[in-house]
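Please read the structure below before turning to the comments.
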Amino acid sequence: MRARAVVIMAAGMGTRMKSEKVKVLHKVAGFPLIGWCVRTALLLSAERVVLVLGHQHEKVEEFLDQTFPTAPLVYAFQAEQLGTAHAVSCAEEALRDFEGDVFILSGDVPGLTAETLEAFDAACGDADLGVMGMRLSSGGAYGRLVCDADGLQKIVEARDCTSEELKICDVNSGIYRVNARFLFAALKRFSRNNAQGEYYLTDLVAAARAEHRKVCAHLLEGEAAEELEGINDRIDLAKAEKRMQQRLKKALMRQGVTMIDPDRLYVEAQVTAGSDCLLEPDVSLRGQTHLGRGCVIGQGAIIIDSSLDEGTYIKPYSHIEGAQIGPECQVGPFARLRPGTVFERDVRVGNFVETKKSHLFEGVKAGHLSYLGDAEVGPRCNIGAGTITCNYDGHNKHPTRIGADVFIGSDSQLVAPVCVEEGAYVGAGTTVTGLVPAGALAISRTPQKNLEGWVARHKK
Ligand code: UD1
Ligand code: MG
73 MRARAVVIMA AGMGTRMKSE KVKVLHKVAG FPLIGWCVRT ALLLSAERVV LVLGHQHEKV
133 EEFLDQTFPT APLVYAFQAE QLGTAHAVSC AEEALRDFEG DVFILSGDVP GLTAETLEAF
193 DAACGDADLG VMGMRLSSGG AYGRLVCDAD GLQKIVEARD CTSEELKICD VNSGIYRVNA
253 RFLFAALKRF SRNNAQGEYY LTDLVAAARA EHRKVCAHLL EGEAAEELEG INDRIDLAKA
313 EKRMQQRLKK ALMRQGVTMI DPDRLYVEAQ VTAGSDCLLE PDVSLRGQTH LGRGCVIGQG
373 AIIIDSSLDE GTYIKPYSHI EGAQIGPECQ VGPFARLRPG TVFERDVRVG NFVETKKSHL
433 FEGVKAGHLS YLGDAEVGPR CNIGAGTITC NYDGHNKHPT RIGADVFIGS DSQLVAPVCV
493 EEGAYVGAGT TVTGLVPAGA LAISRTPQKN LEGWVARHKK
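What follows is the structure, encoded as structure tokens:
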């Protein structure tokens, strides 16, 4: 295989998005457009992936550095967006010593897959220039592929077309494979003598023809061509989202995940799930979420950046973020697990229970209406309904430690910092403000007194 490099053009602002945010940082399935593009590029095993950045380049670089820390990414800067040819020439420095094929992609085509690029590569054979095209029902604003009996002769931008050329339905997707040496030599001769006054990368075709080089146009049609559609505005973004959702869900279903109604489910790019998981309608799986084998996610549950071990059951309408949940747990309905929640095996947390930065060991039960924050709860503890860890004093957060086999009666408050030692009991309605030693019963409520006949007397 010849050496490969990739250049991704992503310097434009994307004004039609009508956004403060640069276009390539807008997301499809929770993952920025540029991320999708770089992911695909990395699957080509290219020596280098050069990103031509301009608008908000620091933000784009920050995202890429975090997401692809070990990838061979090189950043090139295009201060002023003078056109696609100018963008690619900004990558020349980064590819100075490179010999081989340069794949040129746009940062706003999230649907493009590596399989499609490999098929394109194979179709191009030994051509010096390959252009990936789309056969549409009408050419729209795309550049037209002008061909004769010898094949592709030139690409004409819609705004520069004659009325005859505008009728052409074979158009340029903006994806190319070019011999590096030819590319950078040719770019030096380009002019901006066209309707937009820009340096057009599409002039490569005429340049290659002038040198009698081999040119290949590879056309996709129908659904296959949709993969190449770029994003220019929010309507395109929504279309791309829809297609990506279908793709992600099909991949999960192929891995053995059941979806009762795939159309009523939202899944983000980095979600993984083991076989025999069951997803009920209106579930939303976001961020870096991993489901082990055989998890059941009930209707309306939202799970963000969390991992669930096998056999865990999330009952309907629970909200889970930044949590690590062990095997065979049961959560909800209507539970809220916040960041820093860790559950070991077989933890049961019921309706209206909220946890934050809390570690619940094996077999803990907190069935109803509780808040557990900055708490460590030992194995097999029972946390009664309405128990609250009072972890905040207005300035600082304080920890609560509960040993193994503790029973906390309903409607108790644990004023942190506080510790309830192994095997202790806390009577219902108690406000715990100090240590409860192992095996002790803590009780702080006032004794009950009954005033006989009080109601009748009072009514008179
Ligand atoms: C380009 C093609 C057109 C093709 C279409 C496919 C040219 C002249 N035209 O048009 O034939 O049908 O793509 O979508 O190439 N960019 C830079 N720096 C620049 C200009 C653009 O980085 O100076 C980036 C943009 O951010 C974008 C990509 O290049 O990611 C494409 O640029 P865009 O302006 O969208 O080109 P089109 O007009 O769509
Ligand atoms: Mg475009």
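Counting in our numbering, the sequence shown runs without a single skipped number right up to 532 at its last residue.
Just so you know, even glycine gets a beta-carbon here, dropped at the ideal spot from N, CA and C.
Here the structure is a predicted model, which means the values were calculated and not measured.
Buried versus exposed, by CB contacts within 10 Å (16 or more), residue i
i, result
"Leu513", "exposed"
"Lys226", "buried"
"Ala151", "exposed"
"Phe433", "buried"
"His530", "exposed"
"Lys428", "buried"
"Val449", "buried"
"Ala296", "exposed"
"Gly475", "buried"
"Phe170", "buried"
Through-space distance from residue j to residue i, alpha-carbon basis
i, j, result
"Phe265", "Pro182", "Reading off the sequence, residue 265 comes out as Asn, not Phe. So the alpha carbons of these two residues sit roughly 31 Å apart."
"Thr502", "Gln485", "6 Å"
"Val508", "Arg473", "10 Å"
"Leu184", "Glu382", "33 Å"
"Ile176", "Ala82", "11 Å"
"Ala157", "Tyr271", "5 Å"
"Glu393", "His127", "32 Å"
"Gly269", "Glu236", "22 Å"
"Leu125", "Gly412", "36 Å"
"Ser430", "Val414", "6 Å"
"Lys322", "Val343", "13 Å"
"His98", "Gly155", "22 Å"
"Asp242", "Ser356", "39 Å"
"Ile303", "Ala199", "29 Å"
"Ser516", "Ala447", "21 Å"
"Val218", "Ala186", "27 Å"
"Gly223", "His290", "11 Å"
"Gly511", "Asp418", "24 Å"
"Gly294", "Gly179", "22 Å"
"Ser210", "Lys239", "7 Å"
"Gln317", "Ala252", "36 Å"
"Pro399", "Leu380", "7 Å"
"Ile80", "Ala279", "21 Å"
"Glu298", "Asp377", "30 Å"
"Thr274", "Leu255", "12 Å"
beta-carbon residue i near the ligand GDP non-hydrogen atom, thresh 6 Å
i, result
"Ser482", "This structure simply doesn't include the ligand GDP; it includes the ligand UD1 and the ligand MG instead."
Those residues which DSSP pairs with residue i across a bridge
i, result
"Ile376", "Arg358, Glu393"
"Lys534", "Lying outside 73 to 532, the shown extent of the chain, residue 534 is not represented and no answer is given."
"Arg249", "Phe175, Gly202"
"Asn454", "Lys437, Phe479"
"Lys485", "Note that residue 485 is Gln in the sequence shown here, rather than Lys. Its beta-bridge partners are Ile460, Thr503."
"Asn244", "Gly205"
"Lys533", "Here the chain has residues from 73 to 532 only, and residue 533 is not among them."
"Tyr497", "Phe479, Leu513"
"Glu426", "Arg408, Tyr443"
"Gly126", "Gln128"
"Lys226", "Val218"
"Gln402", "Tyr385, Arg420"
"Pro104", "Lys99"
"Ala289", "Val203"
"Cys491", "Arg473"
Among the options, nearest to residue i - alpha-carbon criterion
i, options, result
"Ala221", "Tyr272, Leu292, Gly202, Cys288", "Cys288"
"Gly359", "Phe170, Glu295, Phe103, Met73", "Phe103"
"Gly499", "Val329, Ser430, Leu115, Ile480", "Ile480"
"Pro471", "Tyr497, Thr459, Leu444, Val218", "Leu444"
"Asp146", "Leu97, Gly86, Val121, Asp232", "Looking at the sequence provided, one finds Val at residue 146 rather than Asp. Of the candidates Leu97, Gly86, Val121, Asp232, the one whose C-alpha sits nearest the C-alpha of Val146 is Val121."
"His467", "Pro399, Ala488, Arg336", "Ala488"
"Val174", "Arg365, Arg410, Val78, Gly346", "Val78"
"Met206", "Arg231, Gly215, Ala199, Asp446", "Gly215"
"Arg76", "Glu190, Ala496, His290", "Glu190"
"Met73", "Arg336, Phe149, Ala118, Asp232", "Ala118"
"Arg315", "Asp335, Val492, Met325", "Asp335"
"Leu276", "Arg306, Leu238, Gly202", "Gly202"
"Pro144", "Ser442, Tyr385, Leu114, Asn423", "Leu114"
"Pro533", "Ala395, Ile374, Leu380", "Beyond the ends of the chain as shown, which are 73 and 532, falls residue 533; an answer cannot be given."
"Asp232", "Ser210, Ala213, Ile376, Ala267", "Ala267"
"Asp333", "Ala296, Leu441, Lys469, Gln371", "Gln371"
"Val492", "His391, Thr461, Val403, Lys521", "Thr461"
"Val368", "Leu523, Ile386, Glu426, Phe254", "Ile386"
"His129", "Val100, Met85, Asp169, Val478", "Met85"
"Val250", "Gly197, Leu441, Thr188", "Gly197"
"Ile307", "Cys162, Arg88, Asn454", "Arg88"
"Cys401", "Gly364, Met331, Thr112", "Gly364"
Are the stretch 125-134 and the stretch 245-254 touching, with three or more C-beta to C-beta distances below 8 Å? no
Counting Cβ pairs closer than 8 Å, one from the stretch 311-319 and one from the stretch 253-261, do we hit at least three? With a cut-off of 8 Å on Cβ pairs, the stretch 311-319 is not in contact with the stretch 253-261, counting fewer than three such pairs.
Three or more beta-carbon pairs under 8 Å between the stretch 88-100 and the stretch 136-144, yes or no? No contact exists between the stretch 88-100 and the stretch 136-144.
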